[in-house]
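K.L.:
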Amino acid sequence: MDSFLMKGYIKEANIDYSCSRGSMEDLPKWEFREIPKVPRAVMPSLSLEERKNNFNEVELGLSEEVARKEARRCLKCGCSARFTCDLRKEASNHGIVYEEPIHDRPYIPKVDDHPFIVRDHNKCISCGRCIAACAEIEGPGVLTFYMKNGRQLVGTKSGLPLRDTDCVSCGQCVTACPCAALDYRRERGKVVRAINDPKKTVVGFVAPAVRSLISNTFGVSYEEASPFMAGLLKKLGFDKVFDFTFAADLTIVEETTEFLSRIQNKGVMPQFTSCCPGWINFVEKRYPEIIPHLSTCKSPQMMMGATVKNHYAKLMGINKEDLFVVSIVPCLAKKYEAARPEFIHDGIRDVDAVLTTTEMLEMMELADIKPSEVVPQEFDEPYKQVSGAGILFGASGGVAEAALRMAVEKLTGKVLTDHLEFEEIRGFEGVKESTIDVNGTKVRVAVVSGLKNAEPIIEKILNGVDVGYDLIEVMACPGGCICGAGHPVPEKIDSLEKRQQVLVNIDKVSKYRKSQENPDILRLYNEFYGEPNSPLAHELLHTHYTPKHGDSTCSPERKKGTAAFDVQEFTICMCESCMEKGAENLYNDLSSKIRLFKMDPFVQIKRIRLKETHPGKGVYIALNGKQIEEPMLSGNIPDESESE
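If you count by the working numbering, then the sequence shown holds residues 779 to 1422, one letter each, in order.
#1: What's the gap between the Cα of residue 1348 and the Cα of residue 923?
#2: Using the beta-carbon count (16 or more within 10 Å), is residue 1333 buried or exposed?
#3: Under a Cβ-count criterion, where at least 16 other Cβ atoms within 10 Å of its own Cβ denotes burial, should residue 1271 be classed as buried or exposed?
#4: Below 8 angstroms on the Cβ atoms is my contact criterion, and I expect residue 1203 with residue 1221 to pass it. Report the Cβ-Cβ distance as a whole number of Å.
#5: Closest by CA to residue 1211, which one among 1185, 1166, 1252?
#6: Using 8 angstroms for Cβ pairs, my map puts residue 1104 next to residue 988. What's the rounded Cβ distance?
#7: Check residue 945 in the structure and name its three-state DSSP category.
#8: Where does the unbroken beta strand (DSSP E) through residue 1102 begin, and where does it stop?
#9: Tell me where the beta strand (DSSP E) around residue 1353 begins and ends.
#10: Given this structure, state the Cα-to-Cα distance separating residue 952 from residue 1062, to the nearest angstrom.
#11: Nearest-angstrom Cα distance between residue 1013 and residue 977?
#12: Return the bridge partner residues of residue 1250 from the DSSP annotation.
#13: Under 8 angstroms by Cβ, that's how I've got residue 1228 and residue 1208 pegged, so tell me the actual separation to the nearest angstrom.
#14: Where does residue 1115 land, buried or exposed, given buried means 16+ other C-beta within 10 angstroms?
#15: Would you decide whether residue 1021 is buried or exposed? Buried here means 16 or more other CB atoms lie within 10 Å of its CB.
#16: Out of 1396, 1388, 1400, point me to the one whose CA is closest to residue 1382's CA.
#17: Using 8 angstroms as the cut-off, can you tell me whether the segment 937-951 makes contact with the segment 1078-1098, which would need three or more C-beta pairs spanning the two stretches below that distance?
#18: Do the segment 1047-1066 and the segment 1089-1104 touch if we need at least three Cβ pairs shorter than 8 angstroms?
#19: Quick one, are the C-beta atoms of residue 1166 and residue 986 less than 8 angstroms apart?
#20: Which residues does DSSP list as the beta-bridge partners of residue 1075?
#21: How big is the Cα-Cα spacing for residue 919 and residue 1403?
#22: Assign residue 1280 to one of three DSSP states: helix, strand, or coil.
#23: In chain order, which beta strand (DSSP E) runs of at least 3 residues are fully inside the segment 880-921?
#24: Using the beta-carbon count (16 or more within 10 Å), is residue 1107 buried or exposed?
#25: Bridge partners of residue 929, per DSSP?
#26: What distance in whole Å lies between the Cβ atoms of residue 1240 and residue 1178, which are believed to be in contact at a cut-off of 8 angstroms?
#27: Apart from the five residues on each side of it in sequence, which residues of its chain come closer than 8 angstroms, Cβ to Cβ, to residue 894?
#28: Give every residue of the same chain whose Cβ lies closer than 7 angstroms to the Cβ of residue 1141, excluding the five residues on either side of it in the sequence, and list them in chain order.
#29: Excluding the five sequence neighbours on either side, which residues of its own chain have a C-beta within less than 6 angstroms of the C-beta of residue 954, listed in chain order?
#30: Run the CB neighbour count on residue 1260, radius 10 Å, all protein chains shown included, and call it buried at 16 or more, exposed below.
#31: Could you check the C-alpha separation between residue 1340 and residue 1049 for me, to the nearest Å?
#32: Please report the residue range of the beta strand (DSSP E) in which residue 962 lies.
#33: On a Cα-Cα basis, can you pick out the residue from 914, 915, 921, 917 that is closest to residue 897?
#34: Indicate the three-state DSSP secondary structure (helix, strand or coil) for residue 1038 in the structure shown.
#35: Report yes if the C-beta distance between residue 1155 and residue 1005 is below 8 angstroms; otherwise report no.
#36: For residue 994 and residue 1291, what's the separation of their Cα atoms in angstroms?
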């Protein structure tokens, strides 16, 4: 399949049954009388005799030629998703024909220049969705098209390895890619090896946003989503399964205590949340000047890892090195976060592996576990009880709402029984805001999703402007963690709304709706941490952030992702002298080449008329305003024969 995909393909065959009238099963059978059936390719396999007492690892597969024929057969016959396939749609929009390979392109090795994101140019169809996602949703805009040997590829604008750019590791480029040309490195093998190691106690904890997808994917009610998750992980071989929401409650108690302390002691304001690792990467690489505004709290993932490796290990009498902690999250940036040196002590990581929702579903499929075979179970002690406020962490606005539920109580000294819901900061808008008046003290809150939406607020702060907020929640992914790159790609926007509603419904029926009233949280402080923001809490639950090297730090002028592509502009003079020297032909030739190689998004040609006495012996041509003395266009622009 991969070998065939890299040849380029995909345009609906010009025959009756390839139209949008429906699937093959819905069409009259007489339409297929003249179409012979194509048999499936047979995958090589070992005979039963050969398999007896043979436990050697064997990998059998189709040859390149057979795989290519099978892929072509599949596409011509039509798969069940042929009318909703993003790959077919994008390739068709770009005029890529699938009946026969366009030409045999040389294989390009995979680009492995990031801790976990991998680029495979052989699969790329040059749709530009990854470039647009990076620039227009997240803001860094580190990706662009470039030409190499007549072939259009995607790479970094600066030419640096991806890890050395302003990339925040959010993974939205991976989500945007319709053909897996961008993918991420799996950690399933590491987890399976730990499960099979008798010396290891494997502990997993599940993020709130994961159960929202499980509920929608398997049709599990929101009340049963958590027990289903616990049962699934136990069936996969985990020894203990905890609720990630417990760490969300712990984060709220620590972060809100810090926020109230800043208000009372006139600390650095406004305070930005620090629970999103993509946002932290963005600040460290792009806006290190606002690091003092960040909360010092670790993310819920790292708080949970530190608590399990220190409190739970001590409670159960287990050595830290024998505890294997796995985080199941909808986020790719958390893979980067778990490997940060700040969260590794004496060579032992607080979180040993990070599985995305997709990886967990892949493990379920590989283990051949059917949803009906999963026996719902309760999460394990001692981190079993959670609040509805912590559940809301999975959606944009959830962190701020949970913080307000605690802050209002602390500022008034009264138990909050009504106005627990702050619907004005929920939803999918890029920026939402609310002002709460508490006994004359106004708490001004902003909620931002999508890093590009945070830039105007940051710029105002850097320019000394009062932005009018005290607490600002920022999530890298639009809509929050429910739209994380570790989730399967949602088919429609309403599926995101359904994911959010699952979390809201769980919150409404929760026994505890405020983080500070969670009895297991109170017990943890009494037995271990002492009190919020105590010295031990600061040691294990808080951290520090430092400026990191990226594109923006290479120049005194900060570069902003204002456009999806770097546009190169050619200017050709059309004065009488240049016209006599072939300016018109040059203009037409360049225009046709740009259209042929689909370079329109990032190359423009303009005509101008200079005075007849302008410098230069030949046709006046400039690139980005700078005159080219001796254009060597024929050597840099591929011949049409290369496209055949």
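Idealized CB from N, CA, C, for every residue including glycine. Since the structure is predicted, the reported quantities are computational estimates derived from the model, not experimental observations.
P.N.:
Here's the rundown:
#1: 17 angstroms
#2: Note that residue 1333 has pLDDT 45, beneath the 50 cutoff, so the model's placement of it is unreliable and the number below is only indicative. With fewer than 16 Cβ atoms within 10 Å of its Cβ, residue 1333 is classed as exposed.
#3: Bear in mind that a pLDDT of 47 at residue 1271, under 50, signals an unreliable position, so the model cannot answer this.
#4: Incorrect: roughly 12 angstroms between the Cβ atoms, too far for contact.
#5: 1252
#6: Actually they do not touch by this definition, with Cβ atoms about 12 angstroms apart.
#7: Assignment of residue 945 by DSSP, reduced to helix, strand and coil, places it in the coil class.
#8: It spans 1101-1107 - the beta strand (DSSP E) in which residue 1102 sits, taken as one unbroken run.
#9: From DSSP, residue 1353 is part of no beta strand (DSSP E); its letter is neither H nor E.
#10: 22 angstroms
#11: 19 angstroms
#12: 1050, 1224
#13: 5 angstroms
#14: buried
#15: It is buried - the Cβ of residue 1021 has at least 16 other Cβ atoms within 10 Å.
#16: 1400
#17: no
#18: no
#19: no
#20: In the DSSP assignment, residue 1075 forms a beta bridge with 1320.
#21: 23 angstroms
#22: helix
#23: 895-897
#24: Buried is the call here.
#25: 926
#26: Not confirmed; about 22 angstroms, so no contact.
#27: 947, 962, 963, 1110, 1113, 1114
#28: 966, 1014
#29: Same-chain partners within the cutoff: 907, 908, 911.
#30: Taking every protein chain shown into account, the CB of residue 1260 has 16 or more other CB atoms within 10 angstroms, so this residue is buried.
#31: Caution is warranted here: a pLDDT of 38 is assigned to residue 1340, below 50, making its placement in the model unreliable, and no coordinate value can be reported.
#32: 960-962
#33: Nearest of 914, 915, 921, 917 to residue 897, Cα basis: 921.
#34: helix
#35: yes
#36: 23 angstroms
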